[in-house]
Structure formats: C-alpha cells, structure tokens
Amino acid sequence: MAEFTLELNDDQKQVKDWLHGFAADVIRPAASEWDEREETPWPVIQEAAKVGIYSLDFYAQQFFDPTGLGIPMAMEELFWGDAGIALSIVGTGLAAVGVLANGTEEQIGTWIPQMYGDADDVKVAAFCSSEPDAGSDVASMRTRAVYDAAKDEWVLNGTKTWATNGGIANVHVVVAVVDPDIGSKGHASFIVPPDTPGLSQGQKFKKHGIRASHTAEVVLEDVRVPGHCLLGGKGKLDERLARARERAKSGGERVKNAAMATFEASRPAVGAMAVGTARAAYEVALDYAKTRSQFGRPIIDNQGIAFQLADMRTRIDAARLLVWRASWMATTGKPFTSAEGSMSKLYASETARDVTAQAIQILGGNGFTREYPVERMHRDAAIYTIFEGTSEIQRLVIARTLSGMPIR
C-alpha cells in the first residue's frame, strides 16, 4: 500500500510537465475558437492521439498509479488548458471505464480500442446514463432492456440525455433497467456497436459553458444488440440480480448505500477538473493585478485585491488537498467513512465557481469580455457544481454519511 505523500515522484513530475506543455501549446491557443464554434475539436483530439494522451494506455497508466494521484494530476493540467477541449479529450474515458469496470476480458479487448481509434482515424465513445427524468434520482430510470431469448438479443428502448459525445460516438455504452423492482440494482450496461439501427442523436444542447464538448440526447428505438454486448455477460447478471433481490427483501438501505459508495470513488476526478479551471483563472487574475495600474500603482498594491488573490490561492490549494486525499483513499482501498469523495467534489467545484467569478471582478470590465479567458472559464466552471451529482446531492451524501440518518 502506497504511503500518502504530497511530493510527486520523478515519473509523475515528468508526466505533469508533459501534460502542462500540451495544455499550454496546443489546447489554450485553440480554446476560444472551439468555444465559439461549439463543435467537437477533432484536430486537437487528433493531436492528443498522436502524442499519446488520447489513448487507453495513457489513462490506464494514470489510473493504476499506486499513489492515486495520476488521474487528478492529469485532469488538473488538461483542464487548466481549457475545460471544453479537455472534456472532449477525456470524455471517451467515461465509456472506457464503464467497460473496464463491468466487462469481460474479451469485451475489454474488443470494444475499448474501437472507442479511441488511432491517430489517423480518431474515434470517440459515449457513456449514456442520465435521462430527462432521472439524473440524481437513478431509481427513476426508464430506459428498458428486454432479453429476447429466441435470438439471444437485448432490445433497448428509451431516451438518454446529457451524453458527452452522444450520437457522434463510434461506440455507446448504455445503462438500462432490466429489473425495475430492485431500483438501481436492477440496472445493467450494454455496448451499442457502431451503426446499430434504432440509435439516433436527439437534441444537441447549446450550452452555457464547456461548449467545445459535444453534449446531446441519445434516442433508442427498438435497438437490438447481441447477447455478448451485455457487459459482464448474462450469467453474471443473473447472479447479481438474484443477490440484489434477496438483499432488497432484508435490507434495501444497505444496497442503496453500496451504490452510493461506487459513485463516491469517481468524484475526485471531477474535483481535479475544477481545480484546474480555478487555477487557470487565478493565474490570469494574478498576472493582471501585477501589471494593471490605477492611480499610479499596480492594483495588487490595493489590499482589497491582494486579499482576494490570497483567498483564491488558499481555496485552490485546499481543494487540491481534498481531491488528492480522496484519490489516495480510493486507490488504496480506504473506506470513505465521511464521504471524502463527495467532500472533494463539493469543495473543488464551488471553489472553481467562486474563484472564476473573483477573477472577473479583479479584471473589471476586461474580465467581462471575451478578449480575456476568465469570462470563458467562469462559464465553464458552472458545470462542476452540476454534473456527477449537484452540490446539493453532495451535501446530502455527506450529511447522511456523517449522521447515519436518511436525511431528505
């Protein structure tokens, strides 16, 4: 088990510098253009594939870093470059992780390479879970998967929403209900192969921020997928459903808490994204405050500005520490007895929202224009308090964990 440390080792420092250079030299110069275009930045993704950042190998290396700091370090540097483009680069990872977590070795070897393609033919993948009436309330999911035993096929019907790369993906991973009587334990994940009839893109969302990342609805109308596209296989699913039914009879709350713990482990990565955006805005504000003069002196000489910057930096460092702690705990198997995953995501996301707003205030009128990046960073930061569980949901998870009570 890796000891907790705040010092990156030489390999981590090398990766961090490499990612920072890519973010500075490739992502940042393209950020404004793709934000305005509101389109997937295919040339940037292709460049990331050429250097090895957009690949399963890279994310696997970071995911299996024994310190737990590989993923948060990578997320912070890429999102320091630009949140929209970075999400386009890492969005496929959501689907890949879904297959890695639930798929057989054969499924992993078959489908994950198709999610990424290669540098000459880049592909993306989509993870489809949220629905118009089922975001935080996963028990309300309506997309159904029905098994056709005669043809060994699953038939999927429903509508997914807020899907990163939804409709443009080569491979879609879809979460659907197979047994509605046992809540979230009655869900299963399915691979929808390329060009499968019945899958179509619904509404593409025109978003407030992260506009370089494609977000859309995915409509499933009698989508038939072969039996081998059920992640984990039918035998494993049948066993899991049988156990869940027994547990639901004797202790449904225990089942629900186990599901909560699964979500807890993924939240620090979103916190790291937020830290990257907050850090970027803080650095712009600091440089501006040191060079912008009013009344014959740099505005950082004014206590009101200096104190804001001090608070911004303090919150960013505190958020990073919470993210690193939760990431280390998740990697080393330490239980989140105080909902440390939700704590990290909650604090980091609200830090990004507040720090980017303070950056605009420090830049004044300039900060309100698109000539300076803090305006875009502030729009991007708004998503962190919403996706992967809203701030309100994080507080609810933390409060329930601390109190042991079913707070509503």
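Residue numbers for the sequence shown follow the working numbering, beginning at 2 and rising by one.
Quick reminder that beta carbons are idealized off the backbone N, C-alpha and C, glycines included.
Next on the checklist: Helix, strand or coil for E132? Go by DSSP, reduced to three states.
Outcome noted: Strand.
Checklist entry - What residues in its chain sit with their C-beta under 6 Å from that of P195, if we drop five residues either side in the sequence? => result Take P195, set aside five residues on each side of it, and the residues of its chain with a beta-carbon closer than 6 Å to its own are N171, in chain order.
Next on the checklist: Suppose you measure from the CA of A275 to the CA of A32; what does that come to, to the nearest Å?
Outcome noted: Straight-line Cα distance between these residues: approximately 17 Å.
Item to check | Boundaries of the alpha helix (DSSP H) in which N103 is found, first to last residue | outcome: N103 -> alpha helix (DSSP H) spans 93-103.
Next on the checklist: Using only the alpha-carbon positions, how far apart do L310 and D318 sit?
Outcome noted: Their backbone Cα atoms lie some 12 Å apart in a straight line.
Checklist entry - Which first and last residues belong to the alpha helix (DSSP H) in which R29 is found? => result Note, R29: alpha helix (DSSP H), 29-38.
Checklist entry - So which of E37, D182, A49 has the shortest CA-CA distance to L20? => result Measuring from the Cα of L20, the nearest candidate turns out to be A49.
Next on the checklist: Below 8 Å on the Cβ atoms is my contact criterion, and I expect K346 with E284 to pass it. Report the Cβ-Cβ distance as a whole number of Å.
Outcome noted: Contact doesn't hold; Cβ gap of about 22 Å is too wide.
Checklist entry - Among residues of its own chain, excluding the 5 on either side of I399, which ones have a beta-carbon nearer than 8 Å to its beta-carbon? => result The residues are S339, A340, S343, M344, L347.
Item to check | Continuous beta strand (DSSP E) stretch holding G203: start and end | outcome: Counting along the chain, the beta strand (DSSP E) containing G203 begins and ends at 200-205.
Next on the checklist: Given a cut-off of 8 Å on the beta-carbon distance, is the pair I113 and V125 in contact?
Outcome noted: Cβ distance not < 8 Å, so I113 and V125 don't count as in contact.
Item to check | 8 Å contact criterion, which S185 and A140 should meet: CB distance rounded | outcome: About 6 Å; that satisfies the 8 Å criterion.
Next on the checklist: To the nearest angstrom, how far is the alpha carbon of I306 from that of G210?
Outcome noted: Their Cα atoms are separated by approximately 26 Å.
Item to check | Sequence-distant residues of its chain with Cβ nearer than 7 Å to G233 (five each side left out) | outcome: The residues are N103, G104, T105.
Checklist entry - So, is W43 buried or exposed, given that buried needs 16 or more other C-beta atoms within 10 angstroms? => result By the Cβ neighbour-count rule, W43 is exposed, with fewer than 16 other Cβ atoms within 10 Å of its own.
Checklist entry - Going by C-alpha distance, which of T315, L397, M378 is nearest G85? => result Out of T315, L397, M378, M378 has the C-alpha closest to the C-alpha of G85.
Item to check | Own chain, CB closer than 6 Å to E254, minus 5 neighbours either side, in chain order | outcome: With a pLDDT of only 46 at E254, under the threshold of 50, the placement of this residue in the model should not be trusted; the figure read from the coordinates follows. Contacts found: none.
Item to check | E8 versus R326: straight-line alpha-carbon distance, rounded | outcome: Going by the C-alpha atoms only, they are around 13 Å apart.
Checklist entry - In its own chain, which residues sit with a C-beta less than 7 Å from the C-beta of K17, not counting the 5 before and 5 after it? => result Exclusion of the five residues before and after K17 leaves L9, M74, E78 as the residues of its chain whose Cβ lies within less than 7 Å of its Cβ.
Checklist entry - The alpha helix (DSSP H) spanning H215 covers which residue range? => result Boundaries for H215: no alpha helix (DSSP H) harbours it, and the DSSP string shows neither H nor E there.
Checklist entry - Would A217 pass as a contact of Q202 if the rule is Cβ separation under 8 Å? => result Inclusion of A217 and Q202 in the CB contact set at 8 Å is warranted, their separation being smaller than that value.
Checklist entry - Can you tell me the Cα-Cα spacing of N258 and E247, whole angstroms? => result Since pLDDT at N258 reaches only 35, below the 50 mark, its modelled position is unreliable, and the value read off the structure follows with that caveat. About 16 Å.
Item to check | Proximity of G199 and L221 at Cβ, strictly below 8 Å | outcome: Yes, these two residues count as a Cβ contact at 8 Å.
Checklist entry - So, is L403 buried or exposed, given that buried needs 16 or more other C-beta atoms within 10 angstroms? => result So L403 ends up on the exposed side.
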